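Numbering (our numbering), first residue to last: 54 to 141. Backbone N, C-alpha and C fix where the C-beta goes; we use that ideal spot for every residue, glycine too. As the structure is a prediction and not an experimental result, all values here were calculated from the model.
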């Protein structure tokens, strides 16, 4: 586990995003690619192509990190409002 945490820390944000999208699979990642411009797609594709082998333990840690950030660092919550709905 300690090795996977250090491997995860060594990944850049772009690399983490690439691993995340690869782990999501083609169907789900296609929806994310639709939101990107051509330069972002090119950058992400190149990062994906150069990742090499990523262990399942690193992927698991990445998803835990993502879920923690999504929940506001463990202490936060998602709050719905008219403003947030309008922004989306």
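Check residue 104 in the structure and name its three-state DSSP category. coil
Can you give me the Cβ contacts of residue 76 inside the same chain, cut-off strictly under 7 Å, excluding the 5 residues immediately before and after it? 112
Residues near residue 67 by beta carbon distance below 8 Å, same chain, minus five either side: 96, 97 and 100
Could you tell me whether the Cβ atoms of residue 118 and residue 61 are closer together than 9 Å? yes
Residue span of the alpha helix (DSSP H) that contains residue 139, given as start and end: 135 to 140
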